[in-house]
Amino acid sequence: MAEIDLENHLRKLLTERKYLVVVDDVWQREAWESLKRVFPDTKNGSRVIITTHKEDVAERAGDSGFVYNLRFLSQEESWDLFCRKVLDIRAMVPAMESLAKDMMEKCLPLAIVVLSGLLLHKKGIGEWRKVKDFLWKNIIEDKSIEISNILSLSYSGLSTALKQCFLYFGIFPEDQVFEAENIIQLWMAEGFIPRGEERMEDVAEGFFNELIR
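Below, the structure is given as structure tokens:
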């Protein structure tokens, strides 16, 4: 079905109904502009909810739209989420705990989850301090840590082989479901897995587990 045909079909379907539609994770104003034509305003109490981390997208969503800003977690909530994501909180020395708490205070929930995974692979107070210094240099106007900066730092710390394997996921559509074994075989066929004493399958499986951790 062509895009215009799908648009007309959905609009006709929704015109005849009272609807509630949730559009999740809209990144660009243009994407929302192309979508909103589908939703007829039939004055029957129908609603469209969009989620976005871009303030300008939220503000342009509609002339009479209501923008609900997600609050930061409290200090206690942030720390609790971090502790649930870190394998062994008892292994942290007091100085590491202090650094972690400073960073958690400036994170939205998703950023805390990603940052927790990054810190798990950083050993010692020196490595954690480097993470904080990098993030503090890139802090945004509302004094929060952008998740893109955490992801950038996480990616830059990968080995060349892991970077290749990670970027390979980009050939798949978003939300694609696949078997780990198939991905491992594709990595090996592409020559991404270095040869060594271990079986290539075991090395590739280790890479996969590290990337999804």
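Heads up: the sequence shown begins at 1 in our numbering, then just goes up one per residue. Heads up, the beta-carbon is just placed ideally off N, CA and C, and yes, glycines get one too.
- Counting every other CB atom within 10 Å of its CB across the protein chains shown gives T52 a total of 16 or more, marking it as buried.
- Per the C-alpha coordinates, the member of Q75, K54, E201 and E77 positioned closest to Y68 is K54.
- Counting only the Cα atoms, T42 lies some 39 Å from S148.
- CA-CA distance, R195 to S152, rounds to 28 Å.
- Around D24, the same chain offers T51 as residues with beta carbons nearer than 7 Å, after the five sequence neighbours per side are excluded.
- Assigned with DSSP and collapsed to three states, I4 falls in helix.
- Counting along the chain, V48 sits inside the beta strand (DSSP E) bounded by residues R47 to I50.
- Rounded to the nearest angstrom, the gap between the Cα atoms of I193 and K106 is 37 Å.
- Judged by their CB atoms, I183 and F166 are not nearer to each other than the 8 Å cut-off.
- In this structure the region 69–82 lies against the region 103–118, because at least three pairs of beta carbons, one per stretch, are closer than 8 Å.
- Check the Cα spacing between L135 and each of S154, M96 and E16: the tightest is with S154.
- L35 and R29 have their alpha carbons spaced roughly 10 Å apart.
- Under the 10 Å beta carbon count, I112 is surrounded by 16 or more other beta carbons and is classified as buried.
- With a beta-carbon spacing of about 6 Å, V131 and K122 fall inside the 8 Å limit used to define contacts.
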